[in-house]
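Visitor: Residue numbers (the working numbering), protein chains in the order written: chain A, 4 to 176; chain B, 4 to 176; chain C, 4 to 176; chain D, 4 to 176.
For each residue, glycine too, the CB sits at the ideal point set by N, CA and C.
As the structure is a computational prediction, the values presented were derived from the model and not from experiment.
Questions regarding the structure given below will be posed in turn.
Number of protein chains: 4
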Amino acid sequence: MRKRVVSVCGASGKIDENIEKMAYELGFLLAKSNYNVLCGGRDGVMEAVCKGVQSCEGERGLAIGILPCSDLSTANAYMDIALPTGMGYTRNSLVALMGEVMILVGGGSGTLCEATYGWQYGKQIIALEPSEGVAKKYAGKKFDDKRGDLIISAKSAKEIIEILNGFFENNEV
Amino acid sequence: MRKRVVSVCGASGKIDENIEKMAYELGFLLAKSNYNVLCGGRDGVMEAVCKGVQSCEGERGLAIGILPCSDLSTANAYMDIALPTGMGYTRNSLVALMGEVMILVGGGSGTLCEATYGWQYGKQIIALEPSEGVAKKYAGKKFDDKRGDLIISAKSAKEIIEILNGFFENNEV
Amino acid sequence: MRKRVVSVCGASGKIDENIEKMAYELGFLLAKSNYNVLCGGRDGVMEAVCKGVQSCEGERGLAIGILPCSDLSTANAYMDIALPTGMGYTRNSLVALMGEVMILVGGGSGTLCEATYGWQYGKQIIALEPSEGVAKKYAGKKFDDKRGDLIISAKSAKEIIEILNGFFENNEV
Amino acid sequence: MRKRVVSVCGASGKIDENIEKMAYELGFLLAKSNYNVLCGGRDGVMEAVCKGVQSCEGERGLAIGILPCSDLSTANAYMDIALPTGMGYTRNSLVALMGEVMILVGGGSGTLCEATYGWQYGKQIIALEPSEGVAKKYAGKKFDDKRGDLIISAKSAKEIIEILNGFFENNEV
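Below, the structure is given as structure tokens:
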């Protein structure tokens, strides 16, 4: 049995305290709901999500990071599994493909890059609308007409868990 | 001496006749101005651009395609150099990085993916505004605040050549 | 605290029963010794190793697969975490880079490809010599003079664990 | 019409004067025979081959480099087209896949990595046997039993051209 893997995409670098809280809560709830949480493994939203994952006690999903560098020391301190790629931003494609579903939290150009990959790969994308940035801008919208569906807007981390649980009949495969 | 390489990004698949003409003209003028033209090597805008490149007589830039597949037979018929990657959409990153400057022509999610890569890689991006799609939507705008500049808006292929010639003191390196 | 990640490289496809047993035992001992075991996620040696990992009861390392395809259904049935790349054989590079140490079990051209990557990335490489193939051919040898050390020869899975425990003062980072 | 692309793989860094001459001659003859010559774009054998390509006057094949770095300044001075990848050694896979045929000149672990890729991708591989290193070691041999053919041994650059001309009924596609 494998836990499902969910990609979380959001900005690196310094982030707003409010967004940090949302990312932390999202990580906590995903892990508690037994989802493995995959991200780019760096600071900012990624670190806050991983911190949330690791704050969960008992049986939980793991924090998995797909690093742009070839050096493990660039990983944030809250990952259970850190995997270096040495491919720089090209790893954005992997962050999108490796998750069964994609969640957007805030974000700028890097998050938009990953979101467009998610769209091209046919992944369901859920935007945490209150987190501003790319998540807010594209919630309820679409990137082009190649797909009939929309980027799903969610108002809270809790709603994201409900949406995910609706997608998956079984939590493990 | 190497000719400079310019990436052109736009939609694959069936495209509007009007956009096709613009892409063709752009390819012709870039090649005539001695730029190598790099694209994703497929149909749609990419094919029209390559066709324009090859319609240019005498000394000219080349049409270079970075293919998503591992199979040369997927290349459009108007490329001088076709390079398969076998990496699928992950090759979007290479299309962005391999050019010294990026030009947007119309486009949907794939073009937006390449444009956000261009932005992250610090490339100058020029949007052919009348070509609609991503080019129109982001002309004169920016993806985030990591850069102080904007995506440059150009009204015609001719204007793009002028902008490029302004960037590069010497046409070859 | 992160468990350390060890890459195991060996042939896909039909493998000798004897090698299958060695791979299974290696997976079991690595997992029991609390190492995460990363491989290419397919059949053959990879499947046997993963099966060994999952046969271990109680606290254990995980079986992580880096798949060549973009489709989760290509993963073998014994992985805890399956991560598709859609990059085909290009993912060999990632299998080598993502582990802190590399272990060779039998193998042909694919394993040799991953072993040369391990060498270029400066990873310690341990060859399970009795498993034949690439492991036997290169045990105690080197690929070139860029490194002063050799590919370490191990006679058994048990010896590999001893070598690994010697490398790492602490099992987790 | 596209010129065919041939990959040439050999060591970076300081190389023997004798091997340098062979690589230069090979580049010259390939270009004169109208083949585009693709390599990793760095120094050593790669630079010597590119220098040979550019020493050819009149209509000729081009020297194309697929760089590991994201920075054009790392290209050797003798390339007609330099394409950065930012993917480090992962670009070895591309060097192998992008050529229709692969030629080995000397080489260590990096060349062996590219040769095993060529084998996995089903490329014809020709080893310039007198150039020592990986070329000599594997000339007339095979990496595993997945293919029925062998790595072809060639005694000179001239013989390589004859072999290539035998492969391809038409020089352009």
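Rounded to whole angstroms, what's the CA-CA distance from residue 81 of chain B to residue 140 of chain B? Just pull it up for me.
Guide: Between residue 81 of chain B and residue 140 of chain B, the C-alpha separation is close to 29 Å.
Visitor: Which chain D residues are close to residue 119 of chain C, counting only those with a beta carbon under 8 Å from its beta carbon?
Guide: Under the 8 Å cutoff, chain D gives 112, 113, 115, 116 and 119.
Visitor: Restricting to Cα atoms, I'd like to know which of A:12, A:20 and A:25 is closest to residue 160 of chain A.
Guide: It is A:25.
Visitor: Using DSSP bridges, identify the partner residues of residue 105 of chain D.
Guide: Bridge partners of residue 105 of chain D: D:10 and D:128.
Visitor: Check residue 76 of chain C in the structure and name its three-state DSSP category.
Guide: The answer is helix: DSSP assigns residue 76 of chain C an H, G or I state.
Visitor: Closer than 8 Å to a non-hydrogen atom of the ligand FAD - does that hold for the CB of residue 123 of chain C?
Guide: Of ligands this structure carries none, so the ligand FAD is not represented either.
Visitor: Under three-state DSSP, which class holds residue 98 of chain A?
Guide: In this structure, residue 98 of chain A counts as helix in the three-state DSSP scheme.
Visitor: Taking the alpha carbon of residue 34 of chain D as the point to measure from, which residue in D:63, D:41, D:69 and D:51 has its own alpha carbon closest?
Guide: Of the listed residues, the one whose Cα sits closest to residue 34 of chain D is D:63.
Visitor: What residue does the alpha helix (DSSP H) around residue 56 of chain C start on, and which one ends it?
Guide: Element bounds for residue 56 of chain C: 48-57.
Visitor: Can you tell me whether DSSP reads residue 176 of chain D as helix, strand or coil?
Guide: DSSP places residue 176 of chain D in coil when its eight states are reduced to three.
Visitor: Tell me, please, whether the CB atom of residue 177 of chain B is closer than 9 Å to any CB atom in chain D?
Guide: No statement about residue 177 of chain B is possible, as the shown extent of chain B runs from 4 to 176 and does not include it.
Visitor: Under the three-state reduction of DSSP, which class applies to residue 156 of chain B: helix, strand or coil?
Guide: Looking at residue 156 of chain B - three-state DSSP - the assignment turns out to be strand.
Visitor: Listing by chain order, which chain A residues have their CB less than 9 Å from the CB of residue 93 of chain D?
Guide: Correct list: 88, 89, 90 and 93.
Visitor: Under three-state DSSP, which class holds residue 136 of chain A?
Guide: Here residue 136 of chain A sits in helix by DSSP.
Visitor: Of all the options C:4, C:17, C:7 and C:6, which has the alpha carbon lying nearest to the alpha carbon of residue 149 of chain D?
Guide: Considering only alpha carbons, the answer is C:17.
Visitor: Would you mind telling me which residues of chain C sit closer than 9 Å to residue 46 of chain D, beta carbon to beta carbon, in chain order?
Guide: Correct list: empty, because the minimum Cβ distance to chain C is about 14 Å.
Visitor: Note down the Cα distance separating residue 91 of chain A from residue 83 of chain C, rounded to an integer number of angstroms.
Guide: Answer to the nearest angstrom: the Cα atoms are 26 Å apart.
Visitor: Counting pairs of Cβ atoms below 8 Å between the stretch 121-134 of chain D and the stretch 89-106 of chain D, do you hit three or more?
Guide: Touching, per the Cβ criterion.
Visitor: At the 9 Å Cβ level, is residue 73 of chain C part of the contact set with chain B, yes or no?
Guide: Chain B contact via Cβ: present.
Visitor: Can you pull the chain D residues whose beta carbon is under 7 Å from the beta carbon of residue 83 of chain B, in chain order?
Guide: Under the 7 Å cutoff, chain D gives 5.
Visitor: In its own chain, which residues sit with a C-beta less than 8 Å from the C-beta of residue 77 of chain B, not counting the 5 before and 5 after it?
Guide: Around residue 77 of chain B: 44, 45, 70, 71 and 87.
Visitor: With 7 Å as the limit, tell me which residues of the stretch 16-44 of chain D have their beta carbon closer than that to any beta carbon of chain B; keep them in chain order.
Guide: If the cut-off is 7 Å between Cβ atoms, the stretch 16-44 of chain D has 39 near chain B.
Visitor: Classify residue 4 of chain C as buried or exposed, calling it buried when 16 or more other Cβ atoms lie within 10 Å of its own Cβ.
Guide: Answer is exposed; the Cβ neighbour count stays below 16.
Visitor: Below 6 Å CB to CB, which residues in the same chain sit around residue 38 of chain A once its five sequence neighbours on both sides are set aside?
Guide: Same-chain partners within the cutoff: 7, 9 and 64.
Visitor: What three-state label does DSSP hand residue 85 of chain C in the structure shown?
Guide: Reduced to three states, the DSSP call for residue 85 of chain C is strand.
Visitor: Nearest chain A C-beta to residue 96 of chain B closer than 9 Å, yes or no?
Guide: Yes - at least one Cβ of chain A is within 9 Å of the one on residue 96 of chain B.
Visitor: Residue 26 of chain D lies in the alpha helix (DSSP H); which residues open and close that run?
Guide: From DSSP, the alpha helix (DSSP H) with residue 26 of chain D extends over 20-35.
Visitor: What do you get for residue 21 of chain D, buried or exposed, if any count of 16 or more other CB atoms within 10 angstroms of its CB means buried?
Guide: It counts as exposed.
Visitor: Are the C-beta atoms of residue 123 of chain A and some chain B residue less than 9 Å apart?
Guide: Residue 123 of chain A counts as touching chain B.
Visitor: Per DSSP, what kind of secondary structure is residue 167 of chain A in: helix, strand or coil?
Guide: In the structure shown, residue 167 of chain A sits in a helix (DSSP, three-state: H, G or I).
Visitor: Restricting to Cα atoms, I'd like to know which of C:123, C:59 and C:89 is closest to residue 89 of chain A.
Guide: Residue C:123 is the option with its Cα nearest to residue 89 of chain A.
Visitor: Would you verify that the beta carbon of residue 155 of chain A is, or is not, closer than 9 Å to some beta carbon of chain C?
Guide: It does not; no Cβ of chain C falls within 9 Å.
Visitor: Assuming residue 115 of chain A contacts residue 137 of chain A (C-beta within less than 8 Å), just tell me the rounded distance between them.
Guide: Their Cβ separation, rounded to whole angstroms, is 5 Å, which keeps residue 115 of chain A and residue 137 of chain A in contact under 8 Å.
Visitor: Please classify residue 31 of chain B as buried or exposed, where buried requires at least 16 neighbouring CB atoms within 10 angstroms.
Guide: Label assigned to residue 31 of chain B: buried.
Visitor: Give me the residue from B:144, B:96, B:36 and B:42 with the minimum Cα distance to residue 60 of chain B.
Guide: It is B:36.
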